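Peer 1: Here the sequence shown is numbered in my numbering, starting from 168 and rising by one per residue. Yeah, the Cβ is synthetic: ideal placement off N, Cα and C, and Gly gets one too. Treat the numbers as computed from the prediction; the structure is a model and nothing was measured.
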Amino acid sequence: MALFRYIPLRYKFWAVNGLAFVSTLILVLVAMGLELRSINDTRQEQGRELLRLWSGTQPLSLQGPLRPVKLDADDPNDWVQHLLASAVAESTWLDATVVVPGGVYPALGTWVSSDANGEGRAVIVQAMGYAEVFAKRAPVYAAAVFLLMLAVLLGSQVLIRFVDRHQRSLQTMAHFDALTGLPNRVLAQDRLQHALEKIRRRGGYLAVLFIDLDRFKTLNDSHGHSFGDAVLKAVTKRLQQRCRTEDTLARLGGDEFLLVLEQLGSAARAERIAEELLELLRQPLILADGREVFVGASIGVAVHPGDGVTGDELVRNADAAMYLAKTRGRNGWCRYEPWLTEQAMQRFELERNLRRALEREELYLHYQPLTDMAGRPFGVEALLRWKSSEHGQVPPDRFISLAEDTGMIVPIGNWVLQQACQQAQAWRQAGMDLQVIAVNLSPIQFLHADVVQQVAQTLQHTGLPPRCLELEITEGALMQDTQHAEQALLALRALGVRVVVDDFGTGYSSLAYLRRFALDKLKVDRTFLQGLPTSASDAQLVRTIMQLGQGLGLQVLVEGVETEAQRAWLQAEGCRYCQGFLFARPMSAKRLAAWWPAEPAPDRAAGWQPQLA
Numbered sequence: 168m169a170l171f172r173y174i175p176l177r178y179k180f181w182a183v184n185g186l187a188f189v190s191t192l193i194l195v196l197v198a199m200g201l202e203l204r205s206i207n208d209t210r211q212e213q214g215r216e217l218l219r220l221w222s223g224t225q226p227l228s229l230q231g232p233l234r235p236v237k238l239d240a241d242d243p244n245d246w247v248q249h250l251l252a253s254a255v256a257e258s259t260w261l262d263a264t265v266v267v268p269g270g271v272y273p274a275l276g277t278w279v280s281s282d283a284n285g286e287g288r289a290v291i292v293q294a295m296g297y298a299e300v301f302a303k304r305a306p307v308y309a310a311a312v313f314l315l316m317l318a319v320l321l322g323s324q325v326l327i328r329f330v331d332r333h334q335r336s337l338q339t340m341a342h343f344d345a346l347t348g349l350p351n352r353v354l355a356q357d358r359l360q361h362a363l364e365k366i367r368r369r370g371g372y373l374a375v376l377f378i379d380l381d382r383f384k385t386l387n388d389s390h391g392h393s394f395g396d397a398v399l400k401a402v403t404k405r406l407q408q409r410c411r412t413e414d415t416l417a418r419l420g421g422d423e424f425l426l427v428l429e430q431l432g433s434a435a436r437a438e439r440i441a442e443e444l445l446e447l448l449r450q451p452l453i454l455a456d457g458r459e460v461f462v463g464a465s466i467g468v469a470v471h472p473g474d475g476v477t478g479d480e481l482v483r484n485a486d487a488a489m490y491l492a493k494t495r496g497r498n499g500w501c502r503y504e505p506w507l508t509e510q511a512m513q514r515f516e517l518e519r520n521l522r523r524a525l526e527r528e529e530l531y532l533h534y535q536p537l538t539d540m541a542g543r544p545f546g547v548e549a550l551l552r553w554k555s556s557e558h559g560q561v562p563p564d565r566f567i568s569l570a571e572d573t574g575m576i577v578p579i580g581n582w583v584l585q586q587a588c589q590q591a592q593a594w595r596q597a598g599m600d601l602q603v604i605a606v607n608l609s610p611i612q613f614l615h616a617d618v619v620q621q622v623a624q625t626l627q628h629t630g631l632p633p634r635c636l637e638l639e640i641t642e643g644a645l646m647q648d649t650q651h652a653e654q655a656l657l658a659l660r661a662l663g664v665r666v667v668v669d670d671f672g673t674g675y676s677s678l679a680y681l682r683r684f685a686l687d688k689l690k691v692d693r694t695f696l697q698g699l700p701t702s703a704s705d706a707q708l709v710r711t712i713m714q715l716g717q718g719l720g721l722q723v724l725v726e727g728v729e730t731e732a733q734r735a736w737l738q739a740e741g742c743r744y745c746q747g748f749l750f751a752r753p754m755s756a757k758r759l760a761a762w763w764p765a766e767p768a769p770d771r772a773a774g775w776q777p778q779l780a
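1) According to DSSP, residue 537 sits in a beta bridge with which residue or residues?
2) Beta-carbon within less than 6 Å of residue 592's beta-carbon, same chain only, minus the 5 sequence neighbours each way: which residues are those?
3) To which residues of the same chain is residue 417 closer than 6 Å at the C-beta, ignoring the five residues directly before and after it?
4) Under the rule that 16 or more other beta-carbon atoms within 10 Å means buried, what is residue 471, buried or exposed?
5) Give the secondary structure of residue 726 by DSSP, where H, G and I count as helix, E and B as strand, and everything else as coil.
6) Given this structure, state the Cα-to-Cα distance separating residue 443 from residue 409, to the nearest angstrom.
7) Tell whether a beta-carbon distance below 9 Å holds between residue 549 and residue 604.
8) Give me the Cβ distance between residue 497 and residue 381, rounded to the nearest whole Å; I'm assuming they're in contact under 8 Å.
9) What is the residue span of the alpha helix (DSSP H) that residue 478 lies within?
10) State the DSSP-derived secondary structure class of residue 423, mapped to helix, strand or coil.
11) Does DSSP put residue 680 in a helix, a strand or coil?
12) Can you have a look at residue 515 and say buried or exposed, based on whether 16 or more other CB atoms are within 10 angstroms of its CB?
13) Would you tell me roughly how many angstroms separate the C-alpha atoms of residue 627 and residue 584, rounded to the nearest one?
14) Could you tell me whether the region 427 to 437 touches the region 389 to 406, where touching means 3 or more Cβ pairs closer than 8 Å?
15) Helix, strand or coil for residue 386, going by three-state DSSP, please let me know.
16) Can you tell me the Cβ-Cβ gap for residue 530 and residue 551, rounded? I've got them flagged as a contact below 8 Å.
17) Give me the residue from 386, 421, 576 and 737 with the minimum Cα distance to residue 643.
18) What is the residue span of the beta strand (DSSP E) that residue 745 lies within?
19) Tell me, to the nearest whole angstrom, how far the beta carbon of residue 533 is from that of residue 753; I am working on the premise that it is less than 8 Å.
20) At the level of alpha carbons, what is the spacing between residue 665 and residue 645?
21) Can you check whether the CB of residue 655 is closer than 9 Å to the CB of residue 613?
22) Using CA atoms only, rank isn't needed, just tell me which of 763, 688 and 764 is closest to residue 744.
23) According to DSSP, residue 500 sits in a beta bridge with which residue or residues?
24) Residue 413 and residue 546: beta carbons closer than 9 Å?
25) Beta carbon of residue 429, beta carbon of residue 366: below 9 Å?
Printed below as a string of structure tokens:
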């Protein structure tokens, strides 16, 4: 079969039909032989019956041997019996009419009617040999051979086309992605190799773009694989809008795509195409059911010959550049740099150790106070930290993004929620005037189908009042799937939990959605405070965000307050709550308990809650 697939179709046709013709001819010859043998046996039996009927009891007459004769009772002849016996032995027969008594003669295959004298006449057999039998049967056998060959021809044609179609289907499965119809990794590598060979002969530039969707695992885990498949199909159509005929867009697996760009005039052209692809993906995707989905991407660019010589080098280096784009905030592209290869190895080692961090108890929480403008604390934000046994203290911006990319953020995030609520309730039971503990929910956690159930179980297990828990969710997580976000926020609000939009102003949220969502607070990102109070543009941005929050009936908390000048400006603008190094840095639970004021602020009654900004 392995050799059969490489034989051209016309040769397959003649080979199969030639074999069928020979087989049919053999079958026909066998059938003829069996029929002749049957005729011979039948005639011998008939001859024996004749000998029995006329074994000297009746006079018979014969006119010439082996020719049509007439047996007449008035012309007896003794040697007729001898002639009939010879005919039986030689399988040759006479065309004879005999006079026999009326009745049925099974061996003769006939029934003889009686006349008035009780006698009758019947034609018994024909005088002919095997050659004559074949001559008489030839038209019948020729017709049978023709019809059988016609059936074999048509059948073999159908069979050959079925086998070829099946082989093409197997080849398609081996070289194309079943979901998107794009070339898979095997075919992409083959086309990349051919493209490199052309570039070496003709010169010019070739680029490999490694495309990875941002937080796709969040959508897939929270909505199911059918939803994720629909997103991948929509992304494929969007990317194909920018591809040229000579380009190869392939799906490597999961949410990873590879784009091979041939015949580029310069390396800068590949970078411009990467930016154009990002711009296409920033627009909302409309799925078949009408839902809008926002999916960003991180793209790594490697250009031949500067960034790699072989296909494997280009793909590997483009992959490393893609991860650099993710560490720089996602939704962007990066060009390969030689030092990225070492960074990729470090990332692999970091991922391997992060997978064991929970079981090794290397993760822990620090807490940063949330205060009013006078620095009096009313709550804390739980912040995740990791001290690796092999890498030492790992910065959060390194391992949190890694946990999100690998999906480890779900068990880690659930652990953070459990530990933070448990610690907050312990502080409250110890008499601490803690009104709020804020916990960050990763986009994957928030978009997961059981997020509300997970929060409810944590509150029930720890005993923390729902009003004391604030869940901080980024703009991007809210806008990835607005339908799920709206339902989840309503369910969390029904539990009594408060919801905060974290890092507000850095994403792409719609004001219309902010009005529809069940939110409680906006948290102004620290990046807007860097120029305060001297930067007029930063001042206007912060002022606008605070006014927006007030207009929507939301609390506003500004994070990243580090100087007295910033605090004074915010207070003059009407800000009431803040968070930053000016008042307190993140600290352990033990240090926070020692730092926390022993008595509550005099203007806070029991059950006090922060008011609107």
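Peer 2: The short version:
1) 546
2) 629, 630 and 631
3) 349, 350, 355 and 425
4) In the assembly as shown, residue 471 is a buried residue. Its beta-carbon has 16 or more other beta-carbons within 10 Å.
5) strand
6) 8 Å
7) yes
8) 4 Å between Cβ atoms; contact.
9) 478 to 494 is the span of the alpha helix (DSSP H), which, as asked, contains residue 478.
10) strand
11) DSSP places residue 680 in the helix class (H, G or I) of the three-state scheme.
12) Exposed is the call here.
13) 12 Å
14) Contact annotation: the region 427 to 437 does not touch the region 389 to 406, with fewer than three C-beta pairs closer than 8 Å.
15) helix
16) 7 Å
17) Nearest option by C-alpha distance: 386.
18) 744 to 746
19) 4 Å
20) Rounded to the nearest angstrom, the gap between the Cα atoms of residue 665 and residue 645 is 15 Å.
21) Contact flag set, yes.
22) Ranking 763, 688 and 764 by Cα distance to residue 744 puts 688 first.
23) 466
24) Contact: no.
25) yes
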